[in-house]
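In our numbering, the protein residues as written are 841 to 1451.
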């Protein structure tokens, strides 16, 4: 029963309808009550969360059964943000019952539950069997949300379906990675067994690598040692970086790993990969860096940087530094520059945008910034290290903090919501950019990189761009989008991919001049077909043209077939997608995707950047 108190809780009891008070307008009879409920729902979702509605009031509205389907999503989202475990249990029950929420609302419900588990650590108070069936759902988005919930819920009944998901060759790499992470979070004997089977089995190198890292993350000592042995073994397809990162995510992990590695043979290639794994998450723990630098046969980056050496280096850069070669160094995967920094608005946002850094920073400043990044850190980029009561370490820049939680973004761009009650210790200071990156470069490469940074924003080839080129691309192969090779090549495959949101696809960034190195794109995915995704935000609707300068490709603007650069396309206000399909053998040169406003068009738009 919905009464006056419920209207008061949603903040509209004093509202007016056609010049009359709300209650005067709908005070008599069952029909009036239904009208009142509909108006309550409509007004509630229009003001969103700004009114601070209580979860109890929202639950009464939801249980009334009178909310129209188009209003359910916002109400469910709000309950997910502040509802109790029992409230979340009701949502899960309604999402899994045959006569429950409409199909179009089911995914929104599961996403709300996944976010509640991630951000608040609250899981549904319900029978775990309700989630088990969703772990094998045919809809990849539903399955993904269910897997993320399972990883936070950590019930042993989830292990068997998760193991099946991970072992299935038809499972996309993204879904398999989520399943592996969930198994690592559950961490009981059956989960360890499933992860060990994945690590030692015939799965793809990506899955085997992820399984090894998850075994370390599980905290099981024997499993961690077995994973380290595999990471250092004869199989060169296993990247040891993930195992290193999993050790570093635990209190005392750096010291523990250094101790374990001291008794093991590590060749130079593996040692360098492990260093890269450290640097990519902003870690430069001294003992571990020293050990790995020695095993890799690299020179200590901090050795002998006297005033004389600085002056000699600045002179050498002016004489021989090459900005074009330096841009290629900046783009190198092992240096992970784009994880933290953006160029032309595309890239990470946990360090400053470097598009015009050369305009304000002389070479000696840039050298010091690379060698000793912790010496000059603006407050907005200051690092926070959190130790949780479970012994986990999280480092990142602070996005927000309140009485309930602190939100950090780490060096890989991942967001971590940590409840205040789970924080054992919090330390502020330093930079997410690690010391020691120079050990991964020769002197000539270092000189070229500084020359490139010094050229950014200055007149010439590296001036701040003004063209509306797509600088941030998302890249996917058939496996990432859940298609077999034949479907990926056909019209149906492209049509399906054009409708996908592109979440979870890896990002690749254009050069300062706008070109995307297609060889880099092809190297990020498996298979002979690859898909590129760019986006544009339209503020004012109008006509625009799109130009593709590169190899033969099939292009969709949203779901519409692109004709050519001369044919205008009308775009309404909102975000729009550009999807491009290429064959691997065509990915040799750079390619440019650019939006152009035709003469007389009223369109106002911004090409989407970021990470």
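Here a beta-carbon is modelled for each residue, glycine too, at the ideal position from N, C-alpha and C.
Identity of the residue in the options nearest residue i by Cα
i	options	result
residue 1130	1412, 1275, 959, 968	1275
residue 921	974, 1379, 967, 957	957
residue 967	1305, 932, 980, 1037	932
residue 1112	1331, 1136, 1166	1136
residue 1436	1451, 1005, 1306	1306
residue 1025	1039, 1004, 994, 1376	994
residue 912	1314, 946, 1050, 1301	946
residue 1213	1171, 1195, 1272, 1367	1272
residue 1348	1335, 1341, 1362	1362
residue 1244	1220, 960, 1367, 1255	960
residue 1030	1013, 1012, 1058	1058
residue 895	910, 918, 907, 914	918
residue 1342	1192, 1317, 1023	1317
residue 1400	1061, 1035, 1335	1335
residue 1453	899, 914, 908, 1449	Nothing in the structure corresponds to residue 1453, since the chain is present only between 841 and 1451.
residue 1211	1438, 1150, 1162	1150
residue 1389	1379, 1354, 1378	1354
residue 1091	1227, 965, 1050, 1038	1227
residue 926	1087, 899, 1202	899
Environment of residue i [buried if 16+ CB atoms lie within 10 Å]
i	result
residue 1105	exposed
residue 1085	buried
residue 952	buried
residue 1017	buried
residue 1320	buried
residue 1179	buried
residue 1311	buried
residue 1020	buried
residue 1350	buried
residue 923	buried
residue 1218	exposed
residue 973	exposed
residue 1447	buried
residue 1198	buried
residue 1003	buried
residue 1380	exposed
Distance between residue j and residue i (C-alpha atoms, nearest Å)
i	j	result
residue 1033	residue 1066	12 Å
residue 1052	residue 1277	26 Å
residue 1093	residue 934	43 Å
residue 1338	residue 1416	11 Å
residue 1095	residue 1064	15 Å
residue 1252	residue 1107	26 Å
residue 1237	residue 1265	16 Å
residue 874	residue 902	Residue placement at residue 874 is poorly supported in this model, since its pLDDT is 44, which falls under 50; the coordinates are not used for a value here.
residue 890	residue 1246	Confidence in residue 890 is poor, its pLDDT being 30 and thus under 50, which makes the residue's placement too unreliable to answer from.
residue 1046	residue 1027	20 Å
residue 1175	residue 1209	15 Å
residue 916	residue 948	8 Å
residue 1303	residue 1195	8 Å
residue 1190	residue 940	42 Å
residue 975	residue 998	8 Å
residue 1263	residue 1225	10 Å
residue 1204	residue 1154	7 Å
residue 838	residue 1284	Residue numbering for the chain in the displayed model covers 841 to 1451; residue 838 lies beyond these limits and cannot be assessed.
residue 1079	residue 1103	20 Å
residue 1005	residue 991	14 Å
residue 1012	residue 1426	24 Å
residue 908	residue 950	19 Å
residue 1269	residue 1220	11 Å
residue 1122	residue 1254	13 Å
residue 1240	residue 1223	13 Å
residue 1451	residue 1172	16 Å
residue 1076	residue 1000	29 Å
Check: residue i C-beta below 8 Å from any heavy atom of the ligand FMN
i	result
residue 952	With respect to the ligand FMN, the structure shown offers nothing to examine, as it has no ligands at all.
Beta-carbon separation (whole angstroms), residue i vs residue j, contact threshold 8 Å
i	j	result
residue 1382	residue 1433	Not quite, the Cβ-Cβ distance comes to about 19 Å (not below 8 Å), so this is no contact.
residue 1120	residue 1081	7 Å
residue 1089	residue 1233	6 Å
residue 928	residue 963	7 Å
residue 1315	residue 1364	5 Å
residue 1206	residue 1290	5 Å
residue 1279	residue 1055	The Cβ separation is near 29 Å, so there is no contact.
residue 1287	residue 1160	6 Å
residue 954	residue 985	5 Å
residue 1407	residue 1385	7 Å
Within-9 Å CB hit, residue i to chain D
i	result
residue 931	The chain inventory of the structure shown lacks chain D, comprising one protein chain alone.
Any contact between the stretch 1323-1342 and the stretch 1281-1298? By contact I mean 3 or more CB pairs, one from each, below 8 Å. no
Is there contact here, the stretch 1438-1450 with the stretch 1399-1411, by at least three beta-carbon pairs under 8 Å? yes
Within the chosen definition, does the stretch 1344-1360 reach the stretch 1424-1431 through at least 3 CB pairs nearer than 8 Å? yes
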